[in-house]
Amino acid sequence: MAHHGEDVYATLLTNDTYLPGALVLAHSLRDAGTSKKLAVLVTLDSVATEVVTQLKNVFDYVLSVPRIKNEAAPGNLNLMNRPDLHSAFTKINLWKQLQFRKIVYIDADVVAYRAPDELFELEHAFAAAPDIGWPDLFNTGVMVITPNLGEYYALSAMAQRGISFDGADQGLLNMHFKNSYHRLPFTYNVTPSAHYQYLPAYRHFQSSISMVHFIGSDKPWFQGRSASHGGGAYDEMVGQWWAVYDRHYRAATPSLQEPGLSTPTP
Ligand code: UDP
Ligand code: MN
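Numbered according to my numbering, the sequence shown spans residues 1 to 266.
The structure is reproduced here in structure tokens:
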């Protein structure tokens, strides 16, 4: 049991294919020396028992949550070409986790370069970093959240009615927190793009990066370790993801060294 009023990092797993991501995220935070506990929200109807066992080996709390689907207006997801995000509203369950004081939510496709424990000291109820597709919006891959039932019910009502301009959590949460979000520095949620990189800025700010987030459908563990995008900043960041993976799983699972990585066995 979590002790009341605790701080946690939390991520989400809605199916088995993102397991390598969740494990790498957890190890990256631990390796960086975080003093906080780690939680993962899982939708048990679509996550295998073996996968839950692996999560329990690494996370302090494995919390079962109901899937929240966009049933009212899933069409907007096709605008993004991401029909796989049909269950993204499940993130709303974070606001219901009243056993925690603050939650730093982090997508499973993120690797931490350092543990951003200072985020728990923010006064603001909600904070997030800019999205590179539309920087006035925030990206929902890293969020500082204060659980609150009133917010939970408001967000659930929006989800039920399909109120989200992109059909996923990011559209919904940006609509809800439009005027009340505290903007975090980009270094907390660096989203590299294989198509556009601002290399001088990357070099300038490189040493202050806290977390890197692999947005889009090409996750490092789907691409395999030998995929290359020209050897630039993007490849460097993918390399950091693999470095954490290898530190914890490569020796144990030599058969998973090559593309087509599935479930690692610690
Ligand atoms: N997720 C998952 N399985 C999926 C899709 C999403 O577990 O098939 C979870 C996972 O935590 C993931 C988050 O939902 O990081 C958001 O999805 P994703 O990171 O793919 O969205 P993006 O950052 O690319 O917009
Ligand atoms: Mn993501």
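Each residue gets a CB set at the ideal place from its N, CA and C atoms; glycine is no exception.
With burial defined as no fewer than 16 other Cβ atoms inside 10 Å of the residue's Cβ, what is the status of residue i: buried or exposed?
i      : result
Glu123 : exposed
Pro135 : exposed
Tyr245 : buried
Asn93  : buried
Arg161 : exposed
Glu121 : exposed
Val116 : It is Pro, not Val, that sits at residue 116 in the sequence shown. Under this definition Pro116 is a buried residue.
Ala26  : buried
Arg225 : buried
Thr49  : exposed
Asn78  : exposed
Glu151 : buried
Ala10  : buried
What residues match up with residue i in a beta bridge as DSSP calls it?
i      : result
Lys102 : Asp7
Met211 : Ala112
Trp55  : The displayed chain sequence assigns Leu, not Trp, to residue 55. Paired residue(s): none; Leu55 is not in a bridge.
Ser64  : Val42
Ile145 : Ile103, Phe126
Leu13  : Val42
Val190 : Val212
His195 : DSSP lists no partner for His195.
Expressed to the nearest angstrom, what Euclidean distance is found between the alpha-carbon atoms of residue i and residue j?
i      : j      : result
Leu19  : Trp241 : 14 angstroms
Thr265 : Asn179 : The predicted model places Thr265 with a pLDDT of 46, which falls under 50 and marks its position as unreliable, so this point remains unresolved.
Phe165 : Asn70  : 12 angstroms
Asp7   : Lys37  : 7 angstroms
Val47  : Asp16  : 5 angstroms
Phe126 : Asp109 : 21 angstroms
Pro220 : Leu29  : 18 angstroms
Ile145 : Ser156 : 16 angstroms
Asp169 : Phe89  : 5 angstroms
Pro130 : Asp218 : 20 angstroms
His248 : Lys102 : 28 angstroms
Gly141 : Leu184 : 12 angstroms
Just to check my reading of the structure: residue i and residue j have Cβ atoms closer than 8 angstroms, yes? What is that Cβ distance to the nearest angstrom?
i      : j      : result
Arg114 : Ser87  : The pair is not a contact, with the Cβ atoms about 30 angstroms apart (cut-off 8 angstroms).
Val212 : Met175 : At roughly 27 angstroms, the Cβ-Cβ gap does not stay under 8 angstroms, so Val212 and Met175 are not in contact.
Quick check for students: name the residue ranges of the beta strand (DSSP E) that lie wholly in the stretch 209-250, counting only runs of 3 or more.
211-213
If we require 4 or more residues per run, which alpha helix (DSSP H) segments fall completely within the stretch 69-103?
Unbroken alpha helix (DSSP H) stretches of 4 residues or longer found wholly inside the stretch 69-103: 75-79, given in chain order.
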